[in-house]
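First up is the structure itself, then whatever we jot down about it.
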Amino acid sequence: MSTEEEPKRRKVLDATLGLKNIMGRHFLAIEQAYRDGKPTAWATSGTPVELLYTMDVQPMLPENSATVSAAQHLSKNFIEIAEEQGFSYDLCSYFKTNIGAVAENAEMIKGGTRKPTFMLSSDVICDTHVDWFQTQAERMKVPHFTIDVPHIVSNTNQRQYEYYKKYVSEQLWELMDFIEVHTGHKLDIEKAKKVARNSYELGTLWQEIFDLRKNIPCPVSTRDTFGGLFPLFTMTGLKAPIRLYKRMYREAKERVDDGIGALREEKYRLAFEGIPFWYNLKFFSKLEQWGAIIVYETYTYAFSKYVNPNVTEQMVISKPIEAMSELMLKFWYIYDLQTRIKKYKEMVDEWKVDGVLLHNNMSCRPNSCGLYDLKRHLQEDYDIPCLIIDCDMNDPRKMNETQLENKLSSFFELLEQRK
Amino acid sequence: MGLSKKVKKLAIIDACVDTPEEIILAADLVPHRLFGDPSLPHSAADEHVPPTHCVWTRNILEQGLRGLPGDIAGLLSIHGCDCTNRQFDIWLDSVKADFMYFLNSPLKRNNTALKFFSEDLKEFALQLEEYFKVEITDEKLHESIVLMNKIRETLKTISEFRNKMILKYSELHELLKLVLTSDKSQALKICEDKLEELKTRDSFSESHLKRILLTGSVLDDTSFIKQLENTGFHIVIDDLCLGTHYFWNTIEESGDPIKAIAQYHLEKPIYSTKVPSHARYEYMKTLIDAYSVEGVVNIAQKFCESVLYDHPFLKTKFKELNIPYLFVEKEYNREAYKQLSTRFDAFAEII
Ligand code: SF4
Ligand code: SF4
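Below you can see the structure in the form of structure tokens.
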């Protein structure tokens, strides 16, 4: 194709188109599990889904389902149903989407989900996860297991870290007992190793794709990563998504080798903090009108999981429970403020980022707490331009597009002046 | 306890009452719980915390940013909710007291959690010893457990005067705040004197008052409690941190003192930040029967997720129980309280 004929942006990676199939497989596996009478579990993100696969329990992730509703513009209706039931306007919109979807008996392709054998939550990411499953487990009359993960702060010392880890490990053993009681399934060590190996491979492949995004021009945009993320939530431990990520990697690598970017004229390289607005992914395409591309999202990177240097492939396979405990205690999404600032600075350097968009998510207390301080430090200590965007990931009522565009316009003017 | 020398205070940020005051006392420090100040504008805290975060923690942070009193020698923050937990790093970054500890009071209440909490309490004691150059012996811990138990028992006896229509919750509330910020030997004396005085008091004559149970978030502004009382309610019992949660149980005085402290906290009435928070209902149900409660008022600090999540469950449960139930979200400033009067009036009428 000659330069004149080239579109301003390139389409998504061909491999990403295979995502629909992969996710379709996930939903089919759920349907199949119900047909076969196989146990199922709801799980919140951040819990070791690998353990469920290992013990032959089919996982379902209601957060993931909530995004499916939002992408089809159904979340607002579900959220309002939850509010009619008394859940506050200010509570997490994933949670409320799920409350509404369950109340409406929504189909799985619309973000509905089914009554599971049990529920597995944890406070590692947020309190909402625990309150959410407590509410739904009570309504659906199913057992609920919560993993209590101690909160790491900027002055937690190694001694504390060690007994935190022990506490999490002990609960993972208790979780296996719980699963055995409610499903009759026992832990199969050989299967555990296989699942752990797959999970490790999937996570590290995702990181390798991200590494390719360090190149100028960046070969992969959010068109690939926002959707591409889902297998990391729902299918980690399985083989199928590995094949998909390998294809994504190969194609992205070819783009790098040919000097081709996802955006034809890459002017600004941005990082995005927070959860995307699932009901309005077009917003991210709009950035292209300013010649901007997002080259790094902490959210999508976080779930590659294996970012803790203490956790090696060997450890994941030989001591899976210890590895899972380590992983639950330290990953992008829950870094303490000091670590978050440090990692940000490293990321900005490595991915050659010109500016950072920070989503102040009105649904999400844990994600938005510390955001102002992160911004202040990045700007004052490292002279990294930042823009705070007030919005919500699943509740379209909380997005003010005009205001957002004005803010972005001023931000790009600022970036232009710095060029 | 020898606190006559220069008294050092340890500031406490606690979404409930999970502070191991006995350990702090055994380190020759005075636990000094921070209370909100509804007259304070939040200009400094607004620079750190987005507008959709809990109004109470914002107020406490504001105080920290403006500068804590000079006799505060350090700070202890307790694992509560996403707001208290995540804001600790902001305190570390922007308030910078010399000694700062984040205590991971566990979410769950089983043996594994008990073992973990005991370890974290030991670590806290160790860090106090290292920093303040003190020795926290089992004897000192035992001594402070005995003292705190006496305070708890006295407070529980005092609280019963609410049922006799002699004491209002606002008065107990003020007393609790004094206990939570004073040298504990003095606090015991104050409580004992109050008890003696109550024994001589007549019951108040306002027989028209509706007997309610008050529950909700941390409610630490006594003027708010008074406003509620002035609308025609008698808060005969409560399910609150600054209330029965502080004195309902006592600590086992024999055996390993740290373990006993941990055990106490895992057995006392549960707060919404812990699991299963719905168990709060069971506790309230027993109180409703025991204290002939006519209605339940649940107050959430604005953006208090823990309480907001529980509200629809409680609404259903109280409906089943046929107990009138009112849920209200409140801001943390006195001007805004006034707007709630009509809702309180309306509720008083339906009871
Ligand atoms: S958006 Fe935030 S509060 Fe909601 S489930 Fe995710 S992490 Fe939790
Ligand atoms: S009032 Fe609620 S949100 Fe605020 S600190 Fe207490 S538990 Fe947390």
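Top line first, the protein sequences correspond to chains A and B.
At the far end of the first sequence sits residue 422, using the working numbering, and the numbering has no gaps.
At the far end of the second sequence sits residue 678, using the working numbering, and the numbering has no gaps.
Even glycine gets a Cβ: it sits at the ideal position worked out from N, Cα and C.
Item: Same chain, Cβ closer than 6 Å to phenylalanine 414 of chain A, neighbours up to 5 away in sequence not counted; Value: Leu390
Item: Touching by the beta-carbon criterion (3+ pairs, under 8 Å), the region 80–98 of chain A and the region 292–312 of chain A; Value: no
Item: Chain-ordered chain B contacts of arginine 162 of chain A [CB-CB under 7 Å]; Value: Glu450
Item: CB contact check: alanine 663 of chain B to chain A, cutoff 8 Å; Value: no
Item: Closest Cα partner of serine 366 of chain B within the set B:Ile387, B:Ala353, B:Glu501; Value: B:Ile387
Item: Ligand 2 heavy atom lying under 7 Å from the CB of glutamine 390 of chain B; Value: no
Item: Straight-line gap, asparagine 409 of chain A to tryptophan 293 of chain A (C-alpha atoms, nearest Å); Value: 13 Å
Item: Spatial neighbours of leucine 123 of chain A in its chain, beta-carbon cut-off 6 Å, leaving aside the 5 residues before and after; Value: Ala44, Ala46, Thr50, Phe148
Item: Contact list for leucine 374 of chain A against chain B, beta-carbon separation under 8 Å; Value: Pro377
Item: Cysteine 394 of chain A - partner residues in DSSP beta bridges; Value: A:Asn364
Item: Residue-chain proximity (methionine 427 of chain B, chain A), Cβ-Cβ < 8 Å; Value: yes
Item: Any non-hydrogen atom of ligand 1 closer than 7 Å to cysteine 343 of chain B Cβ; Value: no
Item: Tryptophan 418 of chain B Cβ short of 7 Å to ligand 2 heavy atom set; Value: no
Item: Closer than 7 Å: glutamine 628 of chain B CB and nearest ligand 2 heavy atom; Value: yes
Item: Ligand 1 heavy atom lying under 7 Å from the CB of serine 366 of chain A; Value: yes
Item: Whether lysine 168 of chain A touches serine 328 of chain A by CB criterion (8 Å); Value: yes
Item: Between the CA atoms of aspartate 355 of chain B and threonine 138 of chain A - distance to the nearest angstrom; Value: 43 Å
Item: Per-residue contacts from proline 369 of chain A into chain B (C-beta, under 7 Å); Value: Asp409, Arg413
Item: Beta-carbon proximity check, lysine 657 of chain B vs leucine 667 of chain B, cutoff 8 Å; Value: yes
Item: Closer than 7 Å: serine 633 of chain B CB and nearest ligand 2 heavy atom; Value: yes
Item: beta-carbon serine 683 of chain B near ligand 2 non-hydrogen atom, thresh 7 Å; Value: Since the first residue of chain B shown is 328 and the last is 678, residue 683 of chain B is not available in this structure.
Item: Tyrosine 598 of chain B: contacting residues in chain A (beta-carbon distance under 8 Å); Value: Those do not exist, as tyrosine 598 of chain B stays about 12 Å from chain A at its closest Cβ, beyond 8 Å.
Item: N- and C-terminal bounds of the alpha helix (DSSP H) containing tryptophan 383 of chain B; Value: 382–393
Item: Residues near glutamate 416 of chain A by beta carbon distance below 7 Å, same chain, minus five either side; Value: none
Item: Below-8 Å beta-carbon distance, phenylalanine 630 of chain B vs any chain A residue; Value: yes
Item: Segments of 3+ residues assigned as beta strand (DSSP E) that fall wholly inside the region 167–226 of chain A; Value: none
Item: Cβ-Cβ distance between valine 171 of chain A and methionine 331 of chain A below 8 Å; Value: yes
Item: Chain A contacts from the region 642–658 of chain B (Cβ-Cβ distance under 8 Å); Value: Lys642, Phe654, Glu656
Item: Residue range of the unbroken beta strand (DSSP E) whose run includes leucine 541 of chain B; Value: 537–543
Item: Proximity of alanine 342 of chain B and glycine 394 of chain B at Cβ, strictly below 8 Å; Value: no
Item: Any chain A beta carbon closer than 8 Å to lysine 526 of chain B; Value: no
Item: Limits of the alpha helix (DSSP H) - the one that phenylalanine 451 of chain B falls within; Value: 438–459
Item: 8 Å contact criterion, which leucine 205 of chain A and leucine 232 of chain A should meet: CB distance rounded; Value: In fact, because the Cβ distance is near 11 Å, the residues do not count as touching under 8 Å.
Item: 8 Å Cβ cutoff, tyrosine 608 of chain B in contact with chain A; Value: no
Item: Per DSSP, cross-strand counterpart(s) of leucine 434 of chain B; Value: DSSP, once it has assigned bridges, lists no residue as partnering leucine 434 of chain B.
Item: Exposure label - aspartate 393 of chain A; buried when at least 16 CB within 10 Å; Value: buried
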